[in-house]
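Peer 1: Shown below is the structure under consideration.
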Amino acid sequence: MNPRFKTLLILLLIASLTLLGMVAFLLQKIRKFEPAVYYNVPPERSFIYSEGASILGIENYLKDAIEKEMGKLKEEKKDFLYADLKEMKIILYEEGEEVKSFPVIGKGADWFLGETPLGVYHASYKTRLHFSSCCHVWMPYAIQFFGNYFLHGWPYDNQGRMVKTTYSGGCIRLSTPDASKVFDFVEEEMPILVFDEKNIPSLLAIKPEYEEMSLPEIQAQFILVADLKTGEIILNKGGDSQFYGGPAANNLILALTATESIDLDKIIFVKQWMFEKVNEGIIVPERSYRAYDLLRPLLVYSSEEAAMVLTRFWTPEDFLRLMQEKTKSLDLENTFIADLTGNSQKNKTSLYDLARIFRYTKDYRKFLLNMTNELTGPSEDEKESKFAVFEMKYNGEERTIFIGLANSSKIEEDSEKTLEWLEKDFGLTKI
Numbered sequence: 111m112n113p114r115f116k117t118l119l120i121l122l123l124i125a126s127l128t129l130l131g132m133v134a135f136l137l138q139k140i141r142k143f144e145p146a147v148y149y150n151v152p153p154e155r156s157f158i159y160s161e162g163a164s165i166l167g168i169e170n171y172l173k174d175a176i177e178k179e180m181g182k183l184k185e186e187k188k189d190f191l192y193a194d195l196k197e198m199k200i201i202l203y204e205e206g207e208e209v210k211s212f213p214v215i216g217k218g219a220d221w222f223l224g225e226t227p228l229g230v231y232h233a234s235y236k237t238r239l240h241f242s243s244c245c246h247v248w249m250p251y252a253i254q255f256f257g258n259y260f261l262h263g264w265p266y267d268n269q270g271r272m273v274k275t276t277y278s279g280g281c282i283r284l285s286t287p288d289a290s291k292v293f294d295f296v297e298e299e300m301p302i303l304v305f306d307e308k309n310i311p312s313l314l315a316i317k318p319e320y321e322e323m324s325l326p327e328i329q330a331q332f333i334l335v336a337d338l339k340t341g342e343i344i345l346n347k348g349g350d351s352q353f354y355g356g357p358a359a360n361n362l363i364l365a366l367t368a369t370e371s372i373d374l375d376k377i378i379f380v381k382q383w384m385f386e387k388v389n390e391g392i393i394v395p396e397r398s399y400r401a402y403d404l405l406r407p408l409l410v411y412s413s414e415e416a417a418m419v420l421t422r423f424w425t426p427e428d429f430l431r432l433m434q435e436k437t438k439s440l441d442l443e444n445t446f447i448a449d450l451t452g453n454s455q456k457n458k459t460s461l462y463d464l465a466r467i468f469r470y471t472k473d474y475r476k477f478l479l480n481m482t483n484e485l486t487g488p489s490e491d492e493k494e495s496k497f498a499v500f501e502m503k504y505n506g507e508e509r510t511i512f513i514g515l516a517n518s519s520k521i522e523e524d525s526e527k528t529l530e531w532l533e534k535d536f537g538l539t540k541i
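Per our numbering, the very first residue in the sequence shown carries number 111; after that it's consecutive.
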């Protein structure tokens, strides 16, 4: 055999064996890798750990609530109005059938304190011309659907000058001719469904770093840990069980309702009778307070005085009704508000509902969570509950993690153990 040909055969054999070895090595490595899972809105619903779960994620609660109500109204052949702020249009339904639609010209901006509230509401009041004490403008063909928020035509000031196109105090604005037609169609108490959707980037699913995952040893009766950006449930034990949430749960709902029903720049002169039998010394009688400045003591110090004064921008009875309407608008089925302070044991909620409230607050009233990210207070049987959100990092990406702990005899210890568990088993670290 030709020596050169023999050498060539040997080189080809060596190359073939090398190639086969590389392929075998790569196949072995590939088997060790699991495919990356990404979450978007709505994500694939999954649990990392759940005990007795009957819920599947929190990512699409608002859309689900509105679609459920819309389906019910169509089936019952009711008249209603649907404000689709994602597509920027108003749709009128007569006897359950779409009859007309109109373009939306303006809505509350996400940088503004008065971003348009979303959910299921009713037309509570309508007038052909309404003066907004918040924005100091006249609003033609105004239809109130919650607190400070209206559907209306193009507003103008006292000199008759039309406001700028970009100007919005959070209401839903139509052209004045279109607002006139909507005004004629809508009757008081007619359902008004308001929907919008935040754009959320695709994110990696949060997965444990080890095959055998330990669980945190905590005293809390119920626990829920969830990623508020994707809706992914990380840990759930009794998340949809009702319990007494106390002032901590009530105060967030009260603050949320206040931001959507009170002009936060308004001033109130405080009198002692506004919070009789309460002596915290946080709110001082015979002084004036801006509504916005009452939110911090309410949330940070769980001030009953601040809660009672805030309700005096309406009446306590009307404000309680607004709080109940707010929970209903978000379809919080396990939440019941019995009083303003949260002291009554009749107040009920669930960690699942609270995660939804925190997510709504994060998306549409984030300045409240900038005041405090943790709410702690008494719960059942002389125990405590804690509800908190933490900005954390996972694989270099920022996440907003909700931790809800209910009915614990060692609430702070439970909270620390949960955070340590997230870091140890998942690589989630606080920012």
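Cβ coordinates follow ideal geometry from the N, Cα and C atoms, glycine included.
Judging by CA-CA distance, which residue of A516, M502, S519 is the nearest neighbour of E530?
Peer 2: Among A516, M502, S519, the Cα nearest to that of E530 is on M502.
Peer 1: Alpha carbon to alpha carbon, how far is G355 from G218?
Peer 2: Each residue's alpha carbon lies about 31 Å from the other.
Peer 1: According to the neighbour-count rule (16 or more other Cβ atoms, all chains shown, within 10 Å of its Cβ), is N480 buried or exposed?
Peer 2: N480 should be labelled exposed.
Peer 1: What is the rounded straight-line gap between the Cα of N258 and the Cα of S371?
Peer 2: Distance between the alpha carbons of N258 and S371 is about 5 Å.
Peer 1: In whole angstroms, what is the alpha-carbon distance linking G270 and A233?
Peer 2: Using only the alpha carbons, I get a separation of about 27 Å.
Peer 1: Suppose contacts are defined by Cβ-Cβ distances below 8 Å. Is P357 in contact with G452 by that definition?
Peer 2: In contact: P357 and G452 (Cβ atoms closer than 8 Å).
Peer 1: K493: which of D463, I513, D524, R469 sits nearest, CA to CA?
Peer 2: Nearest of D463, I513, D524, R469 to K493, Cα basis: D524.
Peer 1: In terms of residue numbering, what span does the beta strand (DSSP E) encompassing P250 cover?
Peer 2: That run of the beta strand (DSSP E) goes 247-256.
Peer 1: If we ignore side chains and look at the alpha-carbon of each, how far apart do G341 and N457 end up?
Peer 2: Rounded to the nearest angstrom, the two C-alpha atoms are 26 Å apart.
Peer 1: Quick one: measure Cβ to Cβ for F468 and L345, integer angstroms, because I've assumed they're closer than 8 Å.
Peer 2: 16 Å between Cβ atoms; not a contact.
Peer 1: Classify F305 as helix, strand or coil using the three-state DSSP reduction.
Peer 2: It is a strand residue.
Peer 1: Compare the Cα-Cα distances from G263 to each of L239, F255, C245, S243 and report the closest residue.
Peer 2: Cα-wise, what sits closest to G263 is L239.
Peer 1: Tell me, which residues are paired with E207 by DSSP?
Peer 2: Beta-bridge pairing links E207 to E204.
Peer 1: Would the beta-carbon of T471 fall within 8 Å of that of L362?
Peer 2: For T471 and L362, yes; Cβs fall inside 8 Å.
Peer 1: Just to confirm before moving on: does the CB-CB distance between A175 and F332 stay below 8 Å?
Peer 2: Cβ atoms of A175 and F332: not closer than 8 Å.
Peer 1: Measure the Cβ-Cβ separation of T510 and V499 and say whether it is below 8 Å.
Peer 2: A contact, by the Cβ cut-off of 8 Å.
Peer 1: Residues bridged to T510 by DSSP?
Peer 2: DSSP output for T510 lists E501 as bridge partner(s).
Peer 1: For P227 and F256, I'd like the C-alpha separation in whole angstroms.
Peer 2: Each residue's alpha carbon lies about 8 Å from the other.
Peer 1: Counting along the chain, where does the alpha helix (DSSP H) carrying A465 start and finish?
Peer 2: Taken as a continuous stretch (DSSP letters only), the alpha helix (DSSP H) holding A465 covers 461-474.
Peer 1: Could you spell out where the beta strand (DSSP E) holding A330 opens and where it closes?
Peer 2: Neither: A330 is in no beta strand (DSSP E) and is coded neither H nor E.
Peer 1: Under 8 Å, do K187 and E205 count as touching if we go by C-beta distance?
Peer 2: It is a contact, given that the beta carbons lie within the stated cut-off.
Peer 1: My output table needs one value for T367: the three-state DSSP class, helix, strand or coil.
Peer 2: The answer is helix: DSSP assigns T367 an H, G or I state.
Peer 1: One question on the structure: do L450 and L538 come within less than 8 Å of each other, judged by their Cβ atoms?
Peer 2: Cβ distance not < 8 Å, so L450 and L538 don't count as in contact.
Peer 1: Is S303 near E507, with beta carbons less than 8 Å apart?
Peer 2: First, the residue type needs correcting, since residue 303 is Leu and not Ser in the sequence shown. Taking 8 Å as the Cβ cut-off, L303 and E507 do not qualify as a contacting pair.
Peer 1: Near P145, what residues of its chain come up, given a Cβ to Cβ distance below 8 Å and the 5 sequence neighbours on each side ignored?
Peer 2: Low local confidence applies: a pLDDT of 33 at P145 is under 50, so the model's placement there is unreliable, with the coordinate-based value given in what follows. If we look at P145 and ignore the five residues flanking it on each side, it has no Cβ neighbours.
Peer 1: If we ignore side chains and look at the alpha-carbon of each, how far apart do A102 and S290 end up?
Peer 2: No answer is possible for residue 102: it lies beyond the span of the chain, which begins at 111 and ends at 541.
Peer 1: Just reading off the beta strand (DSSP E) that F241 is part of, what are its end residues?
Peer 2: Unbroken beta strand (DSSP E) run through F241: 235-242.
Peer 1: Classify N457 as helix, strand or coil using the three-state DSSP reduction.
Peer 2: Correct three-state label for N457: coil.
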